[in-house]
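Protein chains in written order, with this note's numbering: chain A, 1 to 431; chain B, 1001 to 1305.
Using N, Cα and C, we set each Cβ at its ideal position, and we do this for glycine too.
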């Protein structure tokens, strides 16, 4: 069967095959990286739907002919873990990425963000101060803020009319209390609405911090972010309110954040608390007659709205430093770039000039007065999320707590459990 | 597959063709050729299994704040870890036998002479062809307590609506349902292959001897299925111990940490909490538990020959 010649030939093939498999396993070559003709390809990672990012990239590439940008989409919940796994381990890809305001200290501490101090003086004059503060850690600028945010109370006019409820005013001076909203939500349900009240970012700290703050509970942290502070009357009140919404059937269980807007567009809920970035979609939804009112507050407490949004950062290991920094600068400090961002996805911009253009757009898709409401809330009632290195742990522990309360655990038990776990987790966070 | 003895003898005794002018050494080149063919698999084994395991061992012992066994000590001091460990072990002690028995039952059923047998087999296998993340999302929607398909069906049958993934007691079993929907079809294929390997002569002999269906099943089918069943049980165990995607997509370990399986906890330690030593230590413990359970399974399914 075998003879020595054939065996030798066979061994050559086998050796070659083995070598190929080893080389293939070691991974392919890295990106083309701008050799020779100076053309650079940047990778950009974010959680926005690709359809909303492509126009932004096209606008950038038109004025920056020697740069191509490739967008990679990752779900919001996975951005930080993706960045930790890639940039945190030294990968040169992605070159540029989105960073949620409160994650910036943790990302900076883990060397996932490149300092951009050269741009700080110029940035201060063109960007919202809250955004600059959020993007700074230990005196250095680690990212550039591209977006701001707030929340409003959307309501379904038909469902309210069916219950003979007077439509709430859009004037911040006539803001409804949570107690009133709950009562009216129940009335709407008796008159036929499937659900009374629901939240855009259900069971997320971004959405529920304002309730606790309005009830006087504070952010849930003290001691520079090292100690949890959830066991106080304010958090107890807010969490009991949240618990009762679900246990008494005013709000549905089991529906995640990604499926929440469908409840409002499907006219299944009377009141829906969410961001103004849904305005274009709501205004285009056939048959949805909606109104806008200010974000509610607890009786006796102060009005508080969620705030803070996305910054754009550069990978410290990037091979295209100049191009990456220019992309981030254009996205945020250049009004054209920042405007392109909100044309793609309708979040309020952080660039002061672009903000004026934004309010003009709001007037086209929202009831009159909405632009002024958004401006007022961003300027007066926004309370930012804590900026601590242990943010990811804190966010996760509170999300679990909110979901447990939503699914029936008593506010007291859930708060105690979360407080205990946070003590353990935050103790292990480097300061 | 066994090679007939006659062919082996022939291969050993063959002489070089006359006139080839070369002498054969004794078959020292055979092991080399075998090694050559095995090289890609060996390389994959080392690069994808052994080297990461060595990295994990080293990583679990080498933290800056937790040198030596510090990472293990922190782990054993964490009440959350114990809960995760017990949840994972209990989950596996139940789900693995259930899935294997279900796969066996369906395999036997679909090996009978049925009309459109191939069609049924494809139908049962189809869920396994769907990416796990997508089936998790679809099941998440089907299990929605207020308006999901499953509760709609139950209501139609007069059964009250169930909380499923929103209940600490039902969430883990909802995950069992989800993974079994795809898993059973997949493992069924291997058992069908094992069943078709059993020579018909045994069944004929049993029939002639007057054995009923159950006796045939327990005394002929099952013993001859030992190897495929062992393979299915061990592979299924390994897969279920590493269950991750449905937890991350649907429950994030909750409600009340009731679905915080070890693999998900490891992922969180490594990437959310930036605690790689803790993650490595947890990986080693998961590996140790899996080895013990698989060893027990091998013992139970060992052939008496």
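By the criterion of a C-beta distance shorter than 8 Å, residue 158 of chain A is surrounded in its chain by 267 and 289, once the five residues flanking it on both sides are discounted.
Considering only beta carbons, no part of the segment 49-76 of chain A lies closer than 8 Å to chain B. Comparing alpha-carbon positions, the option among B:1140, B:1158 and B:1125 lying closest to residue 1185 of chain B turns out to be B:1125.
In the structure shown, residue 72 of chain A adopts extended strand secondary structure according to DSSP, grouped into three states.
Secondary-structure assignment with DSSP links residue 152 of chain A through a beta bridge to A:274 and A:294.
One finds nothing in chain B with a Cβ atom closer than 7 Å to the Cβ of residue 204 of chain A; even the nearest lies about 12 Å away.
At least one CB atom of chain A sits nearer than 8 Å to the CB of residue 1165 of chain B. At least one C-beta of chain A is nearer than 8 Å to the C-beta of residue 1078 of chain B. Neighbours of residue 393 of chain A in chain B, taken as residues whose beta carbon is under 8 Å from its own, are 1272 and 1273 in chain order. Residue 126 of chain A and residue 353 of chain A have their C-alpha atoms spaced approximately 7 Å apart. Taking 8 Å as the CB threshold, residue 1145 of chain B lines the interface with chain A. Three or more beta-carbon pairs drawn from the segment 144-161 of chain A and the segment 289-298 of chain A are found closer than 8 Å, and the two stretches are therefore classed as touching. Of the candidates A:175, A:66, A:285 and A:141, the residue whose Cα lies closest to the Cα of residue 39 of chain A is A:66. At a cut-off of 8 Å between C-beta atoms, residue 255 of chain A counts as an interface residue with respect to chain B. Within the segment 1106-1159 of chain B, no run of beta strand (DSSP E) at least 3 residues long lies entirely inside it. Where residue 1174 of chain B is concerned, the enclosing alpha helix (DSSP H) starts and stops at 1171-1196. Here the segment 1165-1182 of chain B does not lie against the segment 1190-1197 of chain B, with fewer than 3 beta-carbon pairs under 8 Å apart. For residue 99 of chain A, the enclosing beta strand (DSSP E) begins and ends at 96-100. Looking from the CA of residue 59 of chain A, the closest CA among A:426, A:240 and A:337 belongs to A:337. Looking only at A:230, A:164, A:284 and A:318, the smallest Cα-Cα distance to residue 87 of chain A is reached by A:318. In terms of Cα proximity to residue 1146 of chain B, the closest of B:1133, B:1053 and B:1160 is B:1160. According to DSSP, residue pairing for residue 136 of chain A in a beta bridge involves A:141.
Exclusion of the five residues before and after residue 1084 of chain B leaves 1260, 1262 and 1265 as the residues of its chain whose Cβ lies within less than 6 Å of its Cβ. Linking residue 74 of chain A to residue 81 of chain A through their CA atoms gives a straight-line distance of about 10 Å. One alpha carbon belongs to residue 1200 of chain B, the other to residue 1223 of chain B, and they sit about 15 Å apart.
Check the Cα spacing between residue 41 of chain A and each of A:63, A:69, A:61 and A:53: the tightest is with A:69.
Looking at the backbone, the Cα of residue 163 of chain A and that of residue 373 of chain A are separated by about 26 Å. Given a length threshold of 3 residues, each whole run of the beta strand (DSSP E) inside the segment 175-211 of chain A is given here in chain order: 195-199. Within chain B, 1270 and 1271 have C-beta atoms less than 9 Å from the C-beta of residue 85 of chain A, given in sequence order. Interface with chain B (8 Å Cβ-Cβ cutoff): residue 133 of chain A is excluded. For the segment 404-418 of chain A, the set of residues with a beta-carbon nearer than 7 Å to any beta-carbon of chain B comprises 404, 407 and 409, in chain order.
Counting along the chain, the unbroken beta strand (DSSP E) around residue 44 of chain A starts and ends at 40-46. Between the alpha carbons of residue 1073 of chain B and residue 1163 of chain B lies a distance of about 37 Å.
Taken through DSSP and simplified to helix, strand or coil, residue 1167 of chain B comes out as coil.
Taken in chain order, the whole alpha helix (DSSP H) runs of length 4 or more contained in the segment 331-383 of chain A are 335-344, 352-365 and 370-380.
Taking C-beta atoms as the reference points, residue 144 of chain A and residue 122 of chain A fail to come closer than 8 Å.
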